[in-house]
Amino acid sequence: MGRFILKRIVESLFVLLIGSVLCFAFIRVLPGDPAAAMYGDQLQKLSDADRLRITENLGLDEPLPTQYAKWISQVFQGEWGQSTISGMDAASVVAGSLQPTFLLLLSSQFLILILAVCFGVSTGLKHRSLYDHAVTIISFVFLSIPPFWFALMLMIFFSVYLGVLPTSGIGNGEIRYLILPSLVLALSHVGYFLRLIRNHIIMTKDSGFVFALKARGFSDWSILKNHLLPNASIPLLSYAGISLAVALASSVVVETIFSWPGLGRLALKSALAHDYPVLLAIIMLSMVFVILVNLLVDLLCAWIDPRLRHDVLEEGQ
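Quick note on our numbering: the sequence shown kicks off at -17 and runs consecutively.
As structure tokens, then:
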């Protein structure tokens, strides 16, 4: 197991290196001038010498490989650079948005888990019933509708018509500010989990071992709790790692609509303002988060399923 983890860590570092090169190059070739974003209309009043000095201070006058080499060497030293807009350390700017984003992701994943297990199991057990068809159609509708439409409709209903939930901000940490953003993220992704659990229940409920358990006198609830659900947890966990990455990307839209002070909203503001140090710090942090989550998912799946554990041990040899 130790060799497997070490191998994955080495692979992850390689992925981070390649990803950092691609992201750095892509961001640097984006159209726009960071100096214009910093000074706005005042830029027109600066002389050519002042503009050149600003470009040199930002390190944008050097070749792209040289810029990347300097940036990555600073990152290894724990220095992410300074925000070109606020002048603050990029790591400090990003750190201020970490908690809201992780709170949003965890709450949305919790809602997804509850909804997917409840409706996925019930539709799987009632396969081809009217209830199964209705839930399946609704799940496809949820998958087809973009998150911003969900956000606008929920804001109109709960905030404008009913007036029971706030439309923006994080308040003083009250849970009511979290309900709409997390619900939008959950509804946008719950269909995948629901279909996954439903299909797995359908495939396993008529298996030979289930009939054998029933013949030995086990109740339906005991079979579901001790056998069907644990078997369904493997694909559920496997997809959870991918889902977190997708939810992290979707949070840009959700956080912007609800003015949620998280990484997604900060990334959009940094991109529009050409705040390269902050944007690169967000991208690298997101990559590390996704890689760590997927590594944890692999280890959890191996711990739950003995067959996967055997494959992991063989791979580590």
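Quick reminder that beta carbons are idealized off the backbone N, C-alpha and C, glycines included. Being a predicted model, the structure only gives us computed values, none of them experimental.
query                                                                                                                                                                                : result
Based on the DSSP secondary-structure assignment, which residues constitute the bridge partners of GLN64?                                                                            : ASP71
Taking one C-beta from the segment 176 to 184 and one from the segment 96 to 110 each time, how about it: are there three or more such pairs within less than 8 Å?                   : yes
Pull up the distance between the alpha-carbon of LEU(-5) and that of LEU(-12), whole angstroms please.                                                                               : 11 Å
Can you say whether GLN91 is buried or exposed, counting buried as having 16 or more other CB atoms within 10 angstroms of its CB?                                                   : buried
Give the DSSP-derived three-state secondary structure of PRO217 in the structure shown.                                                                                              : helix
Can you tell me the Cβ-Cβ gap for LEU211 and LEU178, rounded? I've got them flagged as a contact below 8 Å.                                                                          : The pair is not a contact, with the Cβ atoms about 13 Å apart (cut-off 8 Å).
Indicate whether the contact test is met: 3 or more Cβ pairs, each with one atom in the segment 246 to 262 and one in the segment 63 to 81, closer than 8 Å.                         : yes
Going by alpha carbons, who is nearest to PHE101 out of SER2, VAL117 and SER150?                                                                                                     : VAL117
Flag this pair as yes or no: are the beta carbons of THR269 and LEU88 separated by less than 7 Å?                                                                                    : As written in the sequence, residue 269 is Met, which differs from the Thr given in the question. Taking 7 Å as the Cβ cut-off, MET269 and LEU88 do not qualify as a contacting pair.
Under the rule that 16 or more other beta-carbon atoms within 10 Å means buried, what is GLY155, buried or exposed?                                                                  : exposed
Quick check: is the beta carbon of LEU46 nearer than 7 Å to any beta carbon in chain B?                                                                                              : No chain B is present in this structure, which holds just one protein chain.
Does DSSP put VAL146 in a helix, a strand or coil?                                                                                                                                   : coil
Less than 8 Å between the CB atoms is what I'm expecting for THR66 and LEU40, so what's the real figure, rounded?                                                                    : 7 Å
Would the beta-carbon of TRP242 fall within 7 Å of that of PRO129?                                                                                                                   : no
If contacts are defined as beta-carbon pairs under 8 Å, then LEU384 and VAL172 qualify, I think. What distance do you get, rounded to the angstrom?                                  : As displayed, the chain neither begins before -17 nor continues past 299, which places residue 384 out of reach and without an answer.
Quick one: measure Cβ to Cβ for PHE139 and VAL166, integer angstroms, because I've assumed they're closer than 8 Å.                                                                  : The pair is not a contact, with the Cβ atoms about 12 Å apart (cut-off 8 Å).
So is VAL226 buried or exposed if we call it buried at 16+ other beta carbons inside 10 Å?                                                                                           : It should be pointed out that residue 226 corresponds to Leu in this sequence rather than to Val. Buried is the call here.
Taking all protein chains shown into account, do 16 or more other C-beta atoms lie within 10 angstroms of the C-beta of PRO163, making it buried, or fewer, making it exposed?       : buried
Taking the alpha carbon of LEU125 as the point to measure from, which residue in VAL99, GLY190, LEU147 and LEU176 has its own alpha carbon closest?                                  : LEU176
Within 10 angstroms of the Cβ of TRP203, are there 16 or more other Cβ atoms? Answer buried if so, exposed if not.                                                                   : exposed
List the endpoints of the continuous alpha helix (DSSP H) containing ILE184.                                                                                                         : 158 to 187
Leaving out five residues on either side along the sequence, give the residues of the same chain with a beta carbon under 6 Å from the beta carbon of VAL235.                        : PRO129 and PHE130
Locate the alpha helix (DSSP H) running through ILE301, then write down its first and last residues.                                                                                 : Nothing in the structure corresponds to residue 301, since the chain is present only between -17 and 299.
Could you name each continuous alpha helix (DSSP H) segment of 4 residues or more that falls completely within the segment 104 to 143, going from the start of the chain to the end? : 112 to 126 and 129 to 136
Distance check for LEU245 and ALA253, CA to CA, integer angstroms please.                                                                                                            : 12 Å
How is the alpha helix (DSSP H) around LYS251 delimited, first residue to last?                                                                                                      : 245 to 254
Is it buried or exposed, PHE6, if we count other Cβ atoms within 10 angstroms and call 16 or more buried?                                                                            : buried
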